[in-house]
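K.L.:
So the protein sequences, as listed, match chains A and B. Per numbering that gives the first Met the number 0, residue 0 is the first one in the first sequence, and the count goes up by one each step. Per numbering that gives the first Met the number 0, residue 0 is the first one in the second sequence, and the count goes up by one each step. Below is the structure I would like to discuss, written out as structure tokens.
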Amino acid sequence: MKNILVIRKNTYFDSVTLMSLSEELKKLDEAENVMVTMATAMNKELLQKEQLADASIEACTENDLVIAAKVLDEVEEEDFIGLVDEKLKGDKASGEKEEEVYATIKQAKAADEDANMVVISVPGEHAAREAKIAVENGMNVMLFSDNVTLEEERSLKELAHEKELLVMGPDCGTAMINGIGLCFANKVAAGDIGIVGASGTGMQEIMVLIDRYGCGISNAIGVGGRDLKEAIGGIMMLDGLHMLEADEKTKVIVIVSKVPDEAVEQKLLEVIERDITKPVVIYYTTDEKKTTDLKKVVFADSLLCAAQKACELSSGKKPEEKMQQIAKFEQFADTQKYIRGLYCGGTVCAEAYYYLKQKADEVYSNVTKDKEHMLADVFKSQGHTLLDLGDDFFTTGRAHPMIDPTIRLSRIKEECEDPECAVILLDFEIGYGSNENPAGTTIDVIREGMELAKARGREIKFVTYVLGTDADMQNKRQQEKQLAECGCLIAESNLEAVKMACRLIGLEE
Amino acid sequence: MNQLFSQDKLNIINVGLKGFGQDAMSQGAVVKQVEWKPVAGGRKDIIEALDKVEPLAEKIKEANETVVSRMKAAKPVLVGMDLALNVVPEMTEHTILHAGPPIAWENMCGPMKGAVIGAVLFEGLAADDEEAVKLIESGAIKFDPCHEHKAVGPMAGVLSAHMPVHIVKNETNGDYAYCSINEGLGKVLRFGAYSKEVLDRLAFLRDEFMPVMQKALALTDGIDIKLITAQALQMGDECHNRNKAATSLFYKQISQLILETDCEKAAIQKTLSFIAGNDHYFLNLSMPACKLITEAGQNVPYATIVSTMARNGVEFGIKVSGIGTGEWFDYASNYIEGLYFPGYSKEDANPDIGDSAITETTGIGGMSMAGAPAIVQFVGGDVEDAFNTTKRMYGITTDINAAYAIPNMNFKGAPMGIDMLKVIESGVLPVINTGIAHKEAGIGQIGAGIVNPPMECFYQALLAYVKKYA
């Protein structure tokens with residue numbers, strides 16, 4: 000160890016600058032102790048106490064800079080002083096300018112008085128409180144969070160109704176408001192079809208089909224899966240309807256939901272009869288045939304049908320939907336009898352389920368409450384199984400399969416090992432919020448599964464559907480290309496996918 | 000009818016997953032991102048209390064506006080100097096005042112004990128430190144917080160009967176506040192030193208310095224402390240941990256007055272060089288001025304503005320305007336994050352101590368760090384950090400104090416009126432710039448840095464507030 004001591008007469012630096020500089024230099028491996036300081040009385044005493052300087056510095060004044068260090072013998076004084084000088088210049092590369100962040104909704108509102116929508120995705124137990132703060136501060140809410148209690152939902156929606164604001168959700172995954180898609184949403188054309196829905200992927204599917212048929216969306220309001228339950232009473236469904244009725248951009252209204260509780264369904268029709276002048280297309284996920292005397296209401300029996308009817312009302316002509324001509328696949332092994340649908344989207348799963356149920360027996364799913372068709376064990380397929388992997392069973396403590404496909408990947412392998420499995424149906428939701436490359440993260444497993452089955456003398460058919468548009472960041476065509484390259488069949492709609500599966504195993508022609 | 004669609008645009012506040020905000024922004028929406036954390040760390044009693052207070056929002060807003068307008072209207076002016084015994088309310092020969100919330104002798108930290116012994120010796124109540132301790136333990140000395148006597152003191156904040164104090168007056172309401180004379184750095188009473196050198200300096204201040212200052216101050220209607228603060232904030236001070244500019248500005252005024260007195264040249268020289276030799280002289284003027292500003296906003300019913308923040312070296316205490324002057328809400332003081340003088344480290348540090356956080360209580364000091372970027376180096380940050388700190392502080396305060404413009408903030412005024420509700424809701428604590436005292440008496444300042452009050456103080460205050468109003 001050796002000492003370095005350099006004194007610069009009448010050279011002033013701020014003491015804090017020097018303290019932080021000394022701290023930084025002290026961390027160097029080659030330095031045991033460093034003190035770069037102005038020679039004040041106190042510092043002179045310290046320099047001597049630390050044995051960094053001798054009594055010779057007594058002559059210095061507080062306007063003199065002292066560079067004192069104890070360093071390894073091999074350190075050149077010139078280099079060390081050069082380093083100190085470099086640091087004294089203070090020419091630090093300035094970091095990226097920090098993004099504006101706020102600690103509370105109120106703070107953010109204070110920074111933007113025009114804020115009109117609060118998107119909330121915090122853990123469910125805290126979500127209702129944040130939503131309430133948003134509503135109390137005069138803003139609409141998109142409540143993505145789940146695990147909000149029914150009581151909380153009701154009181155939130157009552158408050159919002161009173162204040163003439165929207166509370167979309169809880170567990171609301173999709174909306175498009177004033178041209179901006181929220182959470183899980185696709186880039187679709189603007190137009191005159193407004194949607195109010197209690198179903199996320201159902202709304203997405205209708206929107207992308209409308210886009211494909213050359214029509215467009217005015218606004219899409221997601222109200223959350225429980226809104227049409229009696230406990231909530233459809234508060235937001237009714238407010239949303241009134242909003243679309245008043246919305247100058249909206250010409251046609253589409254409603255999509257699970258079948259509402261009876262009283263709510265009745266009330267909904269009453270409100271449409273009394274207050275709504277625009278034509279209304281309704282799709283409930285059910286195989287029950289719905290009818291009404293109301294002229295302005297049309298019931299659809301699938302998402303696809305809802306999209307077509309809406310476009311017909313919007314543009315005056317019915318979109319053409321040509322089915323792909325595929326034949327029964329004859330090379331299935333004798334054991335291969337069933338379709339296995341592994342869905343990320345709940346409503347697209349339901350649409351497929353209600354279709355397949357009309358075509359086959361032994362159809363099981365976790366989207367139905369019908370005891371006869373309810374899956375006994377969601378982790379094990381039986382007969383024709385259409386599985387919603389976005390179910391709480393699978394998502395508790397992990398991301399939704401639209402974001403993280405892990406849960407579906409392992410299930411694909413299991414199905415490929417099952418001798419009874421003939422066709423695997425897969426949906427790929429793209430767009431905002433979804434996985435960056437859902438097809439890409441799945442094709443390896445599809446290939447593996449195909450090989451695995453082949454090794455056992457079976458061939459498995461994959462029917463896939465990419466829910467999205469070419470304008471989406473993941474690009475629909477690009478996704479389909481990856482799937483086609485590994486031998487998957489590509490459907491043009493979710494309904495077509497299940498129909499293709501039926502044809503492959505000969506359930507329809 | 001909901002006006003959302005006719006507004007024809009979407010301005011979003013995104014709470015939670017950042018991606019949702021980024022996606023909306025990429026589509027042209029205006030997005031403000033909230034860095035969400037569970038409110039009050041998820042503490043049920045606090046969340047319930049916040050919900051109970053919510054219906055009072057209108058009343059609170061009104062009350063807080065009243066507080067801030069009174070704080071803004073305050074005009075603190077240095078009008079004189081005298082012995083504490085002569086001017087400080089309820090001061091006696093056997094009273095020793097200290098920094099922070101109330102504390103008993105046996106619980107005091109090292110530096111405060113040292114300072115108390117020093118004060119006993121200085122007052123001539125004991126011949127040596129052993130005798131002093133005996134006297135104190137006998138209960139003959141009455142301890143009380145400075146804050147309860149319209150006074151404030153930096154670090155140990157020890158004030159006894161025959162120490163001179165600055166007399167600062169709020170010309171708006173006629174109120175007074177008092178503060179000792181800053182002794183400089185090194186071995187000083189406020190860090191618990193009581194060697195002969197320390198006691199001699201205190202005697203000099205009493206016997207030589209004060210008489211000159213009294214004569215000088217008699218020649219003026221007063222020296223406007225608020226004005227000096229405002230100017231110094233434009234010169235790189237934040238008037239808590241950096242007072243270089245303010246001290247110089249003060250020196251410009253007091254030196255003229257001192258030269259006008261009929262004092263002996265030697266006395267004048269000693270007085271002037273004492274002030275000139277201590278860059279922190281102004282701290283002991285900034286503090287009583289801030290005390291007057293916060294006092295002006297005390298005891299406004301329903302107000303949730305913090306009116307006092309002070310530390311005794313063991314506990315951090317706050318008071319809240321609407322709850323009233325009587326109640327302190329205390330919790331164990333934090334340790335300071337900062338830079339240490341060579342030879343010292345965190346192990347040597349005493350927890351946060353002193354009444355000087357009264358400056359932050361009015362919105363200067365750490366709250367206005369953007370104006371004093373040199374300070375931010377204490378925690379290894381850069382100028383941007385200073386800027387961001389002050390920006391965050393606007394989020395927990397009620398108003399902007401135009402009288403204190405900060406050049407680096409585009410001359411935006413300093414944040415004013417710390418709202419305990421905003422602190423709790425956001426989880427953002429006030430930022431305090433402060434010196435670090437050695438935990439043993441008499442060693443002195445060993446560094447400086449940045450510290451926060453404990454959140455628990457705010458929680459306790461909220462619970463008391465709910466009891467009183469909700």
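Using N, Cα and C, we set each Cβ at its ideal position, and we do this for glycine too. Bear in mind the structure is a predicted one, so any value in this text is a computation, not a measurement.
Run through chain A and tell me which residues come within less than 9 angstroms of B:Glu-163, C-beta to C-beta.
P.N.:
Residue 163 of chain B sits at position 164 when you count from the first residue of the second sequence. The sequence shown places Pro at residue 163 of chain B, not Glu. Result: empty, since nearest Cβ-Cβ is about 24 angstroms, beyond 9 angstroms.
K.L.:
Per DSSP, what kind of secondary structure is B:Pro-163 in: helix, strand or coil?
P.N.:
As a working note, residue 163 of chain B is residue 164 in the second sequence. Here B:Pro-163 carries a strand assignment [DSSP, helix/strand/coil].
K.L.:
What's the gap between the Cα of B:Ala-265 and the Cα of A:Lys-43?
P.N.:
For the purposes of this step, residue 265 of chain B is taken as the residue at position 266 of the second sequence. For the purposes of this step, residue 43 of chain A is taken as the residue at position 44 of the first sequence. If you take the alpha carbons of B:Ala-265 and A:Lys-43, they lie about 28 angstroms apart.
K.L.:
Could you check which residue in A:Gly-213, A:Cys-343, A:Glu-49 has the C-alpha nearest to that of A:Glu-319?
P.N.:
Taking the first residue of the first sequence as position 1, residue 319 of chain A is located at position 320. Out of A:Gly-213, A:Cys-343, A:Glu-49, A:Gly-213 has the C-alpha closest to the C-alpha of A:Glu-319.
K.L.:
Sorted by chain position, which residues of the same chain lie with C-beta nearer than 6 angstroms to A:Lys-25's C-beta, five sequence neighbours on each side aside?
P.N.:
Taking the first sequence and counting its residues from 1, one reaches residue 25 of chain A at position 26. So the list reads Val-33, once near-sequence residues are dropped.
K.L.:
Is there a Cβ of chain B sitting closer than 8 angstroms to that of A:Arg-273, yes or no?
P.N.:
Along the first sequence, read from residue 1 onward, the residue named residue 273 of chain A stands at position 274. False, the Cβ-Cβ gap to chain B never drops below 8 angstroms.
K.L.:
Is the region 320–335 of chain B close to the region 442–456 of chain B, with three or more CB pairs under 8 angstroms?
P.N.:
yes
K.L.:
Check whether the region 112–121 of chain A and the region 404–411 of chain B are in contact - that is, three or more C-beta pairs closer than 8 angstroms.
P.N.:
no
K.L.:
Roughly how many angstroms separate the alpha carbons of A:Glu-479 and A:Cys-485, rounded to a whole number?
P.N.:
If you number the first sequence from 1, residue 479 of chain A lands on position 480. If you number the first sequence from 1, residue 485 of chain A lands on position 486. Rounded to the nearest angstrom, the two C-alpha atoms are 10 angstroms apart.
K.L.:
Please identify, using Cβ separations under 8 angstroms, the residues of the region 156–168 of chain A that lie next to chain B, in order along the chain.
P.N.:
Going along the region 156–168 of chain A in chain order, one finds Glu-163, Leu-164, Leu-165 with a Cβ nearer than 8 angstroms to chain B.
K.L.:
If you drop the 5 nearest sequence neighbours on each side, which residues of the same chain put their C-beta closer than 6 angstroms to that of B:Tyr-468?
P.N.:
Residue mapping note: residue 468 of chain B aligns to position 469 of the second sequence, counting from 1. So the list is empty, once near-sequence residues are dropped.
K.L.:
Out of A:Gly-382, A:Leu-268, A:Ala-438, point me to the one whose CA is closest to A:Gly-473's CA.
P.N.:
Here residue 473 of chain A refers to the residue found at position 474 of the first sequence. Checking the displayed sequence, the identity of residue 473 of chain A turns out to be Gln instead of Gly. Selected option, being the one with the closest Cα: A:Ala-438.
K.L.:
Quick one: any contact between the region 294–308 of chain B and the region 65–72 of chain B, if contact means 3 or more CB pairs under 8 angstroms?
P.N.:
yes
K.L.:
B:Leu-428 and B:Pro-452 - do their beta-carbons sit closer together than 8 angstroms?
P.N.:
Taking the first residue of the second sequence as position 1, residue 452 of chain B is located at position 453. Taking the first residue of the second sequence as position 1, residue 428 of chain B is located at position 429. Yes, the Cβ-Cβ distance between B:Pro-452 and B:Leu-428 is below 8 angstroms.
K.L.:
For A:Glu-298, does the three-state DSSP call read helix, strand or coil?
P.N.:
As a position in the first sequence, residue 298 of chain A is number 299, starting the count at 1. The question names Glu, but residue 298 of chain A in the sequence shown is Phe. Looking at A:Phe-298 - three-state DSSP - the assignment turns out to be strand.
K.L.:
What's the gap between the Cα of B:Gly-117 and the Cα of B:Thr-307?
P.N.:
As a first step, residue 117 of chain B is located in the second sequence; it is residue number 118 there, counting from the start. As a first step, residue 307 of chain B is located in the second sequence; it is residue number 308 there, counting from the start. Cα to Cα, the separation comes out at about 27 angstroms.
K.L.:
Specify the secondary structure class of B:Glu-326 as computed by DSSP and reduced to three states.
P.N.:
Against the second sequence, residue 326 of chain B aligns to sequence position 327. In this structure, B:Glu-326 counts as coil in the three-state DSSP scheme.
K.L.:
Alpha carbon to alpha carbon, how far is B:Val-465 from B:Leu-218? Give it in angstroms, no decimals.
P.N.:
Looking up residue 218 of chain B in the second sequence gives position 219. Looking up residue 465 of chain B in the second sequence gives position 466. Computed Cα separation, rounded: 50 angstroms.
K.L.:
Less than 8 angstroms between the CB atoms is what I'm expecting for B:Val-167 and B:Ile-224, so what's the real figure, rounded?
P.N.:
On the second sequence, position 168 is the one that residue 167 of chain B refers to. On the second sequence, position 225 is the one that residue 224 of chain B refers to. Contact flag correct, Cβ pair sits at about 6 angstroms.
K.L.:
Please list, in chain order, the chain E residues whose beta carbon lies closer than 8 angstroms to that of A:Asp-210.
P.N.:
No chain E is part of this structure, whose protein chains are labelled A and B.
K.L.:
Should A:Glu-151 be flagged as near chain B, meaning a C-beta pair shorter than 8 angstroms?
P.N.:
By one-based count along the first sequence, residue 151 of chain A stands at place 152. A:Glu-151 does not count as touching chain B.
K.L.:
Give me whichever residues DSSP pairs with A:Met-373 in a beta bridge.
P.N.:
By one-based count along the first sequence, residue 373 of chain A stands at place 374. Answer is A:Ser-364, bridged to A:Met-373.
K.L.:
For A:Ala-107 and chain B, any beta-carbon pair shorter than 8 angstroms?
P.N.:
Within the first sequence, residue 107 of chain A is the residue found at index 108, counting from 1. Yes, its Cβ sits closer than 8 angstroms to a Cβ of chain B.
K.L.:
Among A:Ala-127, A:Lys-336, A:Lys-316, A:Asn-136, which residue has its Cα nearest to the Cα of A:Asn-146?
P.N.:
Along the first sequence, one-based indexing puts residue 146 of chain A at 147. When each option's Cα is compared against that of A:Asn-146, the closest is A:Ala-127.
K.L.:
Straight-line CA distance for A:Met-373 to A:Asn-365?
P.N.:
Start at 1 with the first residue of the first sequence, and residue 373 of chain A comes out as number 374. Start at 1 with the first residue of the first sequence, and residue 365 of chain A comes out as number 366. Cα to Cα, A:Met-373 sits roughly 6 angstroms from A:Asn-365.
K.L.:
Any Cβ of chain A within less than 8 angstroms of the Cβ of B:Met-392?
P.N.:
Against the second sequence, residue 392 of chain B aligns to sequence position 393. Not closer than 8 angstroms to any Cβ of chain A, the Cβ of B:Met-392 fails to qualify, so no.
K.L.:
Between B:Met-408 and chain A, is the shortest Cβ-Cβ distance under 8 angstroms, so that the two count as touching?
P.N.:
If you number the second sequence from 1, residue 408 of chain B lands on position 409. No, B:Met-408 lies away from the interface with chain A (no Cβ there is under 8 angstroms from its Cβ).
K.L.:
Classify A:Phe-378 as buried or exposed, calling it buried when 16 or more other Cβ atoms lie within 10 Å of its own Cβ.
P.N.:
For this step, residue 378 of chain A is matched to residue 379 along the first sequence. The residue is exposed, with fewer than 16 neighbouring Cβ atoms inside 10 Å.
K.L.:
A:Leu-293 and A:Gly-239 - do their beta-carbons sit closer together than 8 angstroms?
P.N.:
As a working mapping, residue 239 of chain A is identified with position 240 in the first sequence. As a working mapping, residue 293 of chain A is identified with position 294 in the first sequence. For A:Gly-239 and A:Leu-293, no; Cβs fall outside 8 angstroms.
K.L.:
Compute the minimum distance between the beta carbon of B:Ala-373 and the heavy atoms of the ligand NAP, and state whether it is under 7 angstroms.
P.N.:
As far as ligands go, the structure on display features none, and thus does not contain the ligand NAP.
K.L.:
If B:Ala-39 sits next to B:Ile-46, beta carbons under 8 angstroms apart, how far is it from one beta carbon to the other, in whole angstroms?
P.N.:
As a working note, residue 39 of chain B is residue 40 in the second sequence. As a working note, residue 46 of chain B is residue 47 in the second sequence. Indeed they touch by this definition, with Cβ atoms about 6 angstroms apart.
K.L.:
Are the C-beta atoms of A:Asp-469 and some chain B residue less than 8 angstroms apart?
P.N.:
Numbered from 1 along the first sequence, position 470 holds the residue referred to as residue 469 of chain A. It does not; no Cβ of chain B falls within 8 angstroms.
K.L.:
Going by beta carbon distance, what residues of the same chain come within less than 7 angstroms of B:Met-286, once the five residues before and after it are set aside?
P.N.:
Numbered from its first residue, the second sequence carries residue 286 of chain B at position 287. If we look at B:Met-286 and ignore the five residues flanking it on each side, its Cβ neighbours are Val-151, Pro-153, Cys-178, Asp-354, Ser-355, Ile-357, Thr-358.
K.L.:
Using 8 angstroms as the limit for Cβ to Cβ distance, is A:Asn-115 near chain B?
P.N.:
The residue labelled residue 115 of chain A in the question sits at position 116 within the first sequence. Yes, contact with chain B.
K.L.:
Does the beta carbon of A:Lys-41 sit closer than 8 angstroms to a beta carbon anywhere in chain B?
P.N.:
Taking the first residue of the first sequence as 1, we reach residue 41 of chain A at position 42. In the sequence on display, residue 41 of chain A carries Met and not Lys. Closer than 8 angstroms: yes.
K.L.:
Tell whether a beta-carbon distance below 8 angstroms holds between A:Leu-424 and A:Gly-344.
P.N.:
Mapped onto the first sequence, residue 424 of chain A falls at position 425. Mapped onto the first sequence, residue 344 of chain A falls at position 345. No, these two residues do not count as a Cβ contact at 8 angstroms.
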